[in-house]
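This report concerns only the one structure given below.
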Amino acid sequence: MGKPITNDLTWSVSRARLFRSCQRAYYYAYYGAWGGWSTDAPVVARLLYRLKQIQSFPLWGGGIVHEVIRDALTRCAMQQKPVVLEELQAQARTMLRKGWVESRDHAWEQDPKRTTNLFEHYYGEGRDIPREQTDALKEGIYTALDNFVHCDTLAEVLKLPYRCWAELDKLESFIGGELPADDRAPALPLKVWCAIDLAYFDQQGTLHIIDWKTGSEHKEELRLQLACYALYAMKKYQLPLEKITLGGVILNDGGRLSPYAISKENLVAATDQMLKSACAMRGKLQDVTANTANEEEFEFTQNAVFCNSCPYRQACPNVGGTLPE
Ligand code: SF4
30 MGKPITNDLT WSVSRARLFR SCQRAYYYAY YGAWGGWSTD APVVARLLYR
80 LKQIQSFPLW GGGIVHEVIR DALTRCAMQQ KPVVLEELQA QARTMLRKGW
130 VESRDHAWEQ DPKRTTNLFE HYYGEGRDIP REQTDALKEG IYTALDNFVH
180 CDTLAEVLKL PYRCWAELDK LESFIGGELP ADDRAPALPL KVWCAIDLAY
230 FDQQGTLHII DWKTGSEHKE ELRLQLACYA LYAMKKYQLP LEKITLGGVI
280 LNDGGRLSPY AISKENLVAA TDQMLKSACA MRGKLQDVTA NTANEEEFEF
330 TQNAVFCNSC PYRQACPNVG GTLPE
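To convert, count from 1 in the sequence shown and add 29; that's the working numbering.
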């Protein structure tokens, strides 16, 4: 029998972003929705779990680009298949069609995790999504894939033997530091999650870590993300920082490589930021040892822009939503 799944306090860049954006949405995602994948779960957890899977158009499009790239590179590594733009775009088109039909026909009622549920459908109150919006999404995906296929980074990677490819979009974790003891809990190692889009060793033994960006380049957040990747890679591959380069490839801007020079001071600052953020999350818990939380402790955001695109609108009293009894 496998190890039972437990809800633990861990850290990731996306978890920290949600906590900063709206604590109540963070509560819904990491506590309210917990266990909601089971048909035996309380109705509230099942609803919140469904809402947690809702994706906006840009998120959906970005996810498709990442999946198509990962599949193409995997085929390349495992079966020596060339990367052909038309094949990538055809796969994206199939995924778009499939996801659209699933979302429109409420396939998520049966399987919220493995089917697409689009914000624009779910909260659209039956309105049609304008054709221009769907065409723009498709064009954006096609362009991102075109830029991927023709970018210098891919050309560089394809010159190397596959044994030099180190990471390919797989969820991994490492211990990012120790949460200090406080009056409610002893010191605890902090598990940090990360998934490096691509990392490869060059002939000189330098590890190049790449993040595919499909949206805008938020430099501060990307720097933190890349610093986490560096910390992970230094531990896993026993490398000094000097043997690691980091960068984002901006797929909606010609596939240009945006390099990030990460110093030892940046790593210290990133570790500090992770621990402070995790301490703030822990400070909100009802029972620190059991990692349980009380909804009322998690404030609503004051920023209506977050609420307008929030997947938890149906449940959140801040915008007139209600939870089922
Ligand atoms: S609707 Fe607004 S306040 Fe409520 S969870 Fe979403 S972002 Fe937070």
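Ideal placement from N, C-alpha and C gives every residue a C-beta, glycine not left out.
Local conformation of residue i per DSSP, three classes
i, result
"CYS339", "coil"
"ALA322", "coil"
"HIS237", "strand"
"ALA344", "coil"
"CYS51", "coil"
"PRO87", "helix"
"ALA224", "strand"
"TYR289", "strand"
"GLU246", "coil"
"ALA214", "strand"
"TYR152", "coil"
"ILE93", "helix"
"ILE204", "strand"
"ILE279", "strand"
"PHE23", "Look at the range of the chain in this structure, 30 to 354, and you will see that residue 23 is not part of it."
"ALA62", "coil"
"GLU354", "coil"
"GLY255", "Note on identity: in this sequence residue 255 is Leu, with Gly being the wrong assignment. Helix, per DSSP."
"ILE34", "coil"
"ASP301", "helix"
"GLU328", "coil"
Whether residue i touches residue j by CB criterion (8 Å)
i, j, result
"LYS208", "TRP222", "Looking at the sequence itself, residue 208 is Leu, so the reference to Lys does not match. No."
"VAL73", "LEU114", "no"
"LEU125", "GLN343", "no"
"SER292", "GLU246", "no"
"VAL97", "GLN120", "yes"
"TRP40", "ALA307", "yes"
"LEU280", "LEU219", "no"
"GLU324", "TYR56", "yes"
"ASN36", "ASN320", "yes"
"TRP194", "ALA106", "yes"
"GLN52", "PHE327", "yes"
"ALA216", "ASP198", "no"
"ARG311", "ALA210", "no"
"TRP89", "GLY64", "no"
"PRO141", "GLN82", "yes"
"SER50", "PHE335", "yes"
"ILE273", "LEU236", "yes"
Spatially closest choice to residue i from the options, by CA coordinates
i, options, result
"ASN295", "MET303, ALA256 and ASP198", "ALA256"
"ARG46", "LEU251, GLU325, GLY284 and LEU260", "LEU251"
"GLU249", "PHE148, GLY276, PRO71 and ASP226", "GLY276"
"SER85", "GLN118, LYS142, PHE148 and ALA58", "PHE148"
"ALA299", "ASP282, LEU253 and ASP316", "LEU253"
"GLY244", "THR235, LEU166 and LEU236", "LEU166"
"ASP282", "ILE170, ARG44, ALA70 and THR68", "ILE170"
"LEU227", "PHE203, ALA259 and GLY205", "ALA259"
"THR318", "ASP164, ASP181, ASP212 and SER43", "ASP212"
"LEU314", "TYR59, ILE34 and PRO33", "TYR59"
Three or more C-beta pairs below 8 Å linking the segment 184–192 and the segment 161–176: no
Touching by the beta-carbon criterion (3+ pairs, under 8 Å), the segment 229–242 and the segment 334–354: no
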